[in-house]
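Residue numbers (this note's numbering), protein chains in the order written: chain U, 586 to 742; chain Z, 140 to 702.
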């Protein structure tokens, strides 16, 4: 089962390696990992999506807490958190498909960020499931390149 | 003051009196600063691995933080086995490594290795110094992290330009925690109450104690608990001595080569009180058949150990000493009111098992078990025993009964061959008043035999009792039992070679050889008389002796060969 963990860490060199190394070493699978600074520059927040069973989740949580540079670990269930991801996609776009693609982007409240000779690039944000749906709709047109940021999340309230 | 001097001064501030190490290029400034220190002695080993194990042995024998140092690249990589050994067994160790200058880090400079990267998976924490003014704080944090909570190894990687840079030395105020590091020490009051109730209701209980009891200094409390309740106690390899093995309540060691009765008790118990132990696979055997009827109270300072292998009914995170005190306080009035739990039938059963399945020394020839039991008898059970890893280690655990913590020193978790001799050096320097016996195997001894030079040059009277069977005995035993006696690459001897007596003599140590059982006592007595430097006794024992009882790997704990 997928779990979103919000991990507050000291913003120091090597901390990402410590966290990533822990996951690799203990055999935990990471679906995505996003890092950035918080409102306090000395602290970074890592949002890690892991695919593990309940028992392993407890180990992930406890092992993360043992890292000296980890300050706090919070499990963020979908219903109690706001989760967002951003995707950038470049799609093949010919004269006759261009309008259709722009329509899809609008439905997903996305933005066209670059227009090329035979392609369109766009961004969409939202929960990961919405991004996957968007990706599926674009596939028939021919996805040239695609990048997702990985999930980021904050607790509600 | 330069960074190197600040480093040495910081070590002095942490009370360091002894470091083990080996110099090299980028460590020259540190060794130069060390040359001036009046408080810190340095022991030069003959290999960096020896330095790490010696510091580890020193820490295990004294409870203080062991310190070792080595240069960059190969110096640091040679420390790694020793660092991993200490960390796996929760031994407080600070390892200081030199590093190439910060301006060339990452360029594959001469003797460069990514020490923080290499050691990351085998340490509690590590540091790469990037600002010389951080040095005092880094040292202070390293000692805090190494020695508190569940102790472990901490590496400080010092680039040579950091050692040379000028800094204003100011040692920070003492801290007890860091933003991301706050070990829990007191047990949860409600959990203690639940545990006490469970204890009072038990009819077939067992106390299962590990190395955490030693670390926490909780042997007294553990004994109090056992006596108050009249509960049997079994210990892990690292827990040897936390409860006197000569006591009627002792079941000795449990697990793969534990006593049959300890293993039967674990399988039939209705309550395991685990204190500072982690249900390692060498303890539990096959997990899904382990202790089927047992409730589990698990006391450990490391929350990640609780529920990792065996689910805990009552998890208690905390320092063993504090938690046991709280537990004793909670139990005392209950026992006053209703008496201790009635476990008479259980005690009868245990008595029967003990009588039926005792540990025995086999007859005929020169048996390794006999050598160990003679060492036990002639030292009156009072020596500090340091072992290597293999069959001799298990025989030592079975036949050298310990009565106090820090009396049995052995690499448990990592099972590092070559640990014994260098660790004995650290032990002897840590507790110079004690008789130190290194019970070694011929395979293990050859992994760090160069440290004979260190022992000789420092006049350390260590008795090296070499259990020489000419084999990599434990591996040979597995080949005999599980690989159809196909002894693939486990034979270590041809004729007289290697001649360990000559090896000892080459280093200036005394060497003796014993081939018959009746020579054991006189040889040991003679060895114990020699106070100037180490003595190696080469006991040429039966070649194909096995360690029994044995729980085959993956077998259920009560399914013992020879049990």
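We put the beta carbon where it would ideally sit given N, CA and C, even for glycine.
Helix, strand or coil, according to DSSP, for residue i in the structure here?
i                     : result
residue 595 (chain U) : strand
residue 624 (chain U) : coil
residue 573 (chain Z) : coil
residue 562 (chain Z) : helix
residue 181 (chain Z) : strand
residue 691 (chain Z) : coil
residue 659 (chain Z) : helix
residue 683 (chain Z) : coil
residue 174 (chain Z) : helix
residue 310 (chain Z) : coil
residue 255 (chain Z) : helix
residue 266 (chain Z) : strand
residue 327 (chain Z) : coil
Applying a beta-carbon distance threshold of less than 7 angstroms, which residues of chain U neighbour residue i?
i                     : result
residue 447 (chain Z) : 644
residue 260 (chain Z) : 606, 610
When the Cα atoms are used, what is the spatial distance from residue i to residue j?
i                     : j                     : result
residue 234 (chain Z) : residue 214 (chain Z) : 11 angstroms
residue 143 (chain Z) : residue 242 (chain Z) : 18 angstroms
residue 544 (chain Z) : residue 358 (chain Z) : 7 angstroms
residue 402 (chain Z) : residue 253 (chain Z) : 44 angstroms
residue 195 (chain Z) : residue 465 (chain Z) : 31 angstroms
residue 325 (chain Z) : residue 468 (chain Z) : 14 angstroms
residue 330 (chain Z) : residue 361 (chain Z) : 18 angstroms
residue 598 (chain Z) : residue 592 (chain Z) : 10 angstroms
residue 600 (chain Z) : residue 630 (chain Z) : 30 angstroms
residue 695 (chain U) : residue 643 (chain U) : 37 angstroms
residue 425 (chain Z) : residue 697 (chain Z) : 10 angstroms
residue 348 (chain Z) : residue 584 (chain Z) : 29 angstroms
residue 586 (chain U) : residue 661 (chain U) : 13 angstroms
residue 648 (chain U) : residue 451 (chain Z) : 17 angstroms
residue 272 (chain Z) : residue 141 (chain Z) : 10 angstroms
residue 652 (chain U) : residue 637 (chain Z) : 46 angstroms
residue 657 (chain U) : residue 335 (chain Z) : 32 angstroms
residue 517 (chain Z) : residue 664 (chain Z) : 8 angstroms
residue 447 (chain Z) : residue 187 (chain Z) : 34 angstroms
residue 147 (chain Z) : residue 669 (chain Z) : 36 angstroms
residue 482 (chain Z) : residue 701 (chain Z) : 28 angstroms
Can you round the beta-carbon distance between residue i and residue j to whole angstroms, since I take them to be within the 8 angstroms contact cut?
i                     : j                     : result
residue 390 (chain Z) : residue 373 (chain Z) : 4 angstroms
residue 342 (chain Z) : residue 431 (chain Z) : About 16 angstroms separates the two Cβ atoms, so there is no contact after all.
residue 156 (chain Z) : residue 180 (chain Z) : 6 angstroms
residue 413 (chain Z) : residue 435 (chain Z) : 6 angstroms
residue 653 (chain Z) : residue 530 (chain Z) : About 17 angstroms separates the two Cβ atoms, so there is no contact after all.
residue 681 (chain Z) : residue 505 (chain Z) : 6 angstroms
residue 319 (chain Z) : residue 655 (chain U) : 5 angstroms
residue 344 (chain Z) : residue 408 (chain Z) : 6 angstroms
residue 210 (chain Z) : residue 590 (chain Z) : Not quite, the Cβ-Cβ distance comes to about 18 angstroms (not below 8 angstroms), so this is no contact.
residue 368 (chain Z) : residue 411 (chain Z) : Going by Cβ atoms, the distance from residue 368 (chain Z) to residue 411 (chain Z) rounds to 14 angstroms, so no, they are not a contact pair.
residue 634 (chain U) : residue 616 (chain U) : 4 angstroms
residue 645 (chain U) : residue 613 (chain U) : 5 angstroms
residue 511 (chain Z) : residue 556 (chain Z) : At roughly 18 angstroms, the Cβ-Cβ gap does not stay under 8 angstroms, so residue 511 (chain Z) and residue 556 (chain Z) are not in contact.
Near residue i, which residues of its chain fall below 8 angstroms by C-beta distance, leaving aside the five closest residues on each side in sequence?
i                     : result
residue 317 (chain Z) : 280, 283, 284
residue 259 (chain Z) : 265
residue 222 (chain Z) : 191, 232, 234, 258, 261, 262, 292, 294
residue 669 (chain U) : 710, 711, 712, 736, 737, 738
residue 723 (chain U) : 674, 676, 686, 689
residue 588 (chain Z) : 560, 642
Please list the partners that residue i has in chain Z, where partner means a Cβ-to-Cβ separation under 7 angstroms.
i                     : result
residue 667 (chain U) : Simply none; closest approach about 25 angstroms.
residue 639 (chain U) : Here the premise fails: no neighbours, minimum Cβ distance about 11 angstroms.
Below 6 angstroms CB to CB, which residues in the same chain sit around residue i once its five sequence neighbours on both sides are set aside?
i                     : result
residue 569 (chain Z) : 197, 200, 201
residue 300 (chain Z) : 240, 241
residue 278 (chain Z) : 149
residue 640 (chain Z) : 650, 652, 677
residue 573 (chain Z) : 523
residue 287 (chain Z) : 322
Could you work out which residues of chain Z lie near residue i, taking near to mean beta carbons separated by less than 8 angstroms?
i                     : result
residue 615 (chain U) : Those do not exist, as residue 615 (chain U) stays about 17 angstroms from chain Z at its closest Cβ, beyond 8 angstroms.
residue 672 (chain U) : Within chain Z, no residue comes near residue 672 (chain U); the closest Cβ sits about 32 angstroms away, beyond 8 angstroms.
Mind pulling the chain U residues with CB within less than 9 angstroms of residue i?
i                     : result
residue 255 (chain Z) : 599, 602
residue 426 (chain Z) : Near residue 426 (chain Z) there are no residues of chain U at all, since even the closest Cβ is about 13 angstroms away, more than 9 angstroms.
residue 482 (chain Z) : Going along chain U, no residue has its Cβ under 9 angstroms from residue 482 (chain Z), so there is no contact; the nearest lies around 32 angstroms.
residue 147 (chain Z) : Those within 9 angstroms of residue 147 (chain Z) in chain U number zero; the least Cβ separation is about 24 angstroms.
Give me, in chain order, the residues of the same chain whose beta-carbon lies closer than 7 angstroms to that of residue i; leave out the 5 immediate sequence neighbours on both sides.
i                     : result
residue 687 (chain U) : 697
residue 212 (chain Z) : 250, 251, 252
residue 351 (chain Z) : 414, 415, 416, 439, 440, 459
Determine the chain U residues that contact residue i at a beta-carbon separation under 8 angstroms, and present them in chain order.
i                     : result
residue 663 (chain Z) : Correct list: empty, because the minimum Cβ distance to chain U is about 45 angstroms.
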